[in-house]
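>
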Amino acid sequence: MAIADGDNRSLCTKTTIGFRQQMDHTVPPKEFKWTPGNMINENFKLGDNGHVCVVLNRQIQVPAHVVKSLWTNAAVRCAVDGGSNHWREFLLGQAVAKRPKGAPATAPLEPLDVITGDFDSITEETVDFFKTTPKIHTPDQDATDFTKAISVLQPVMAQRKIHDVVVFHDTSGRLDQVMANLNTLYKAQKDNCNVFLLSGDSITWLLRPGKHTIQVPLDLVKTQRWCSLMPVGSMAHNVTTTGLKWNLYHTQMEFGGMVSTSNTYSTEFVQVETDANLIWSMGAYDFEDKLRQAAK
260 MAIADGDNRS LCTKTTIGFR QQMDHTVPPK EFKWTPGNMI NENFKLGDNG
310 HVCVVLNRQI QVPAHVVKSL WTNAAVRCAV DGGSNHWREF LLGQAVAKRP
360 KGAPATAPLE PLDVITGDFD SITEETVDFF KTTPKIHTPD QDATDFTKAI
410 SVLQPVMAQR KIHDVVVFHD TSGRLDQVMA NLNTLYKAQK DNCNVFLLSG
460 DSITWLLRPG KHTIQVPLDL VKTQRWCSLM PVGSMAHNVT TTGLKWNLYH
510 TQMEFGGMVS TSNTYSTEFV QVETDANLIW SMGAYDFEDK LRQAAK
């Protein structure tokens with residue numbers, strides 16, 4: 260019996276040690292904090308060292324004052340292939356835009372730092388317009404020009420300790436290009452690289468596995484703007500949210516099953532805990548109303 264008791268105690272001790280080791284190796288979820296208001300209606304600046312601005316090959320629908328403020332506060336400014344055509348159009352449009360009577364003339368916007376791409380979309384007029392701007396040819400056809408631009412920018416960002424990229428893009432038109440832009444969010448994900456897609460009516464970025472706190476601008480809460488969580492590419496087995504009108508509780512999300520679209524807010528702070536990547540997208544501050552009014 261003594262031997263048996265000793266064996267039992269030994270088994271109990273080993274089991275307890277094993278359990279403690281498992282507990283010791285339990286890693287708490289990584290925590291992320293997001294303040295999208297800094298992009299659209301407050302500081303127009305991300306991070307202590309500024310952010311990167313990138314122009315894609317789509318018409319710039321973001322309100323001009325937001326574009327100019329983000330561009331002015333950027334540390335690095337890049338146009339991607341045909342995006343340089345749209346940036347040229349934006350600059351020319353601003354040059355002839357009427358100023359309110361008595362308003363002082365605005366200083367010219369800071370120049371582009373670099374144009375990247377395979378250069379199948381940039382026009383000769385744009386090449387001449389930006390003739391002094393450095394150009395980096397990225398001919399690889401196994402990646403989009405956007406993805407390749409992020410690869411070019413990341414070493415510069417690491418050197419200058421810049422973590423955020425604001426991308427002027429548009430969600431209308433070709434679905435394949437929209438999906439390719441979302442794919443770049445997945446390919447670009449790193450601890451020191453956050454990529455935000457800013458369009459005329461939304462902000463979109465990737466939520467990696469962990470616990471996320473999103474401080475929603477109060478205007479969006481009061482006006483009940485839309486938001487969404489989408490499990491693009493793979494299943495999320497366990498998603499829990501607070502602060503939304505329709506929250507998720509340990510929910511499995513996948514296309515063909517549960518996705519959260521056309522949601523909205525119950526409070527200023529939204530929390531999302533997820534075990535897999537999710538795309539978060541949200542309506543931006545009164546961009547939609549402005550566009551509808553302009554279209555009338």
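Anchor point for the sequence shown: position 75 equals 334 in my numbering, and the numbering is continuous, going up by one each time.
C-beta atoms are modelled at their ideal positions from N, C-alpha and C, and glycine is treated no differently.
(1) According to the neighbour-count rule (16 or more other Cβ atoms, all chains shown, within 10 Å of its Cβ), is K304 buried or exposed?
(2) Going residue by residue through the region 287 to 340, where are the continuous alpha helix (DSSP H) segments of at least 4 residues, counting only ones entirely within it?
(3) So for N497, helix, strand or coil by DSSP?
(4) Along the chain, which unbroken stretches of the beta strand (DSSP E) at least 3 residues long are found entirely within the region 433 to 471?
(5) Along the alpha helix (DSSP H) that carries L477, what are the first and last residues, could you check?
(6) With distances taken Cα to Cα, identify the nearest neighbour of Q511 among T499, G492, E348, M541.
(7) Drop a sphere of 10 angstroms on the beta-carbon of S521, count the other beta-carbons inside from all chains shown, and report buried for 16 or more, exposed for fewer.
(8) Whole angstroms is fine: what's the gap from F427's alpha carbon to P288's?
(9) Starting from the C-beta of S380, find all residues in its chain whose C-beta is less than 6 Å away, skip the five residues before and the five after it, and write them out in chain order.
(10) Helix, strand or coil for I538? Go by DSSP, reduced to three states.
(11) Name, in chain order, the residues that DSSP records as bridge partners for D423.
(12) Just curious, the alpha helix (DSSP H) that F378 is in, first and last residue?
(13) Among L368, L412, F349, F405, which has the Cα closest to the Cα of T385?
(14) Considering only C-alpha positions, which residue in the set V325, D377, D478 is nearest to S458?
(15) How long is the line joining the alpha carbons of V531 and L507, rounded to whole angstroms?
(16) Quick check on this structure: which residue in G352, L465, V475, A354 has the alpha carbon closest to the alpha carbon of P490?
(17) Apart from the five residues just before and just after V415, which ones in its own chain have a Cβ nearer than 7 Å to its Cβ?
(18) If you count every other CB in all the chains shown that lies within 10 Å of the CB of A543, and 16 or more means buried, which is it?
(19) Does the beta-carbon distance from L479 to Y524 come in below 8 Å?
(20) Confirm, please, whether the CB-CB distance from V373 to T397 is below 8 Å.
(21) At which residues does the alpha helix (DSSP H) containing H345 begin and terminate?
(22) I think H251 touches V425, with their Cβ atoms under 8 Å apart; what is that distance to the nearest whole Å?
(23) What did DSSP end up calling Q511 once you bin it into helix, strand or coil?
(24) Which residues mark the beginning and the end of the alpha helix (DSSP H) in which F388 is found?
(25) Where do the ends of the beta strand (DSSP E) carrying N506 lie?
(26) How far does the beta strand (DSSP E) with V491 in it extend, from its first residue to its last?
Answer, in terms of the structure:
(1) It counts as buried.
(2) Here the runs fully enclosed are 296 to 299, 323 to 332.
(3) N497 falls in the strand class under three-state DSSP.
(4) Within the region 433 to 471, the complete beta strand (DSSP E) runs of at least 3 residues are 453 to 457, 461 to 466.
(5) Element bounds for L477: 477 to 481.
(6) Considering only alpha carbons, the answer is T499.
(7) By the Cβ neighbour-count rule, S521 is exposed, with fewer than 16 other Cβ atoms within 10 Å of its own.
(8) Across the structure, F427 and P288 are spaced so that their CA atoms are roughly 31 Å apart.
(9) The residues are N316, D340, G341.
(10) Strand, per DSSP.
(11) Paired residues: N453.
(12) No alpha helix (DSSP H) contains F378, which DSSP labels as neither H nor E.
(13) Restricting attention to L368, L412, F349, F405, the CA atom closest to the CA of T385 is found in F349.
(14) Measuring from the Cα of S458, the nearest candidate turns out to be V325.
(15) Roughly 9 Å between the two C-alpha positions.
(16) Comparing Cα-Cα distances from P490 to each of G352, L465, V475, A354, the minimum goes to L465.
(17) Excluding positions up to five away in sequence, the list reads V335.
(18) By the Cβ neighbour-count rule, A543 is buried, with 16 or more other Cβ atoms within 10 Å of its own.
(19) Against a cut-off of 8 Å, the Cβ pair of Y524 and L479 comes out as a contact.
(20) For T397 and V373, no; Cβs fall outside 8 Å.
(21) Taken as a continuous stretch (DSSP letters only), the alpha helix (DSSP H) holding H345 covers 342 to 355.
(22) The structure shown has nothing for residue 251, since the chain only spans 260 to 555.
(23) Reduced to three states, the DSSP call for Q511 is strand.
(24) Run containing F388: 383 to 388, per the alpha helix (DSSP H) assignment.
(25) No beta strand (DSSP E) holds N506; DSSP gives it neither H nor E.
(26) Taken as a continuous stretch (DSSP letters only), V491 belongs to no beta strand (DSSP E), as it is neither H nor E.
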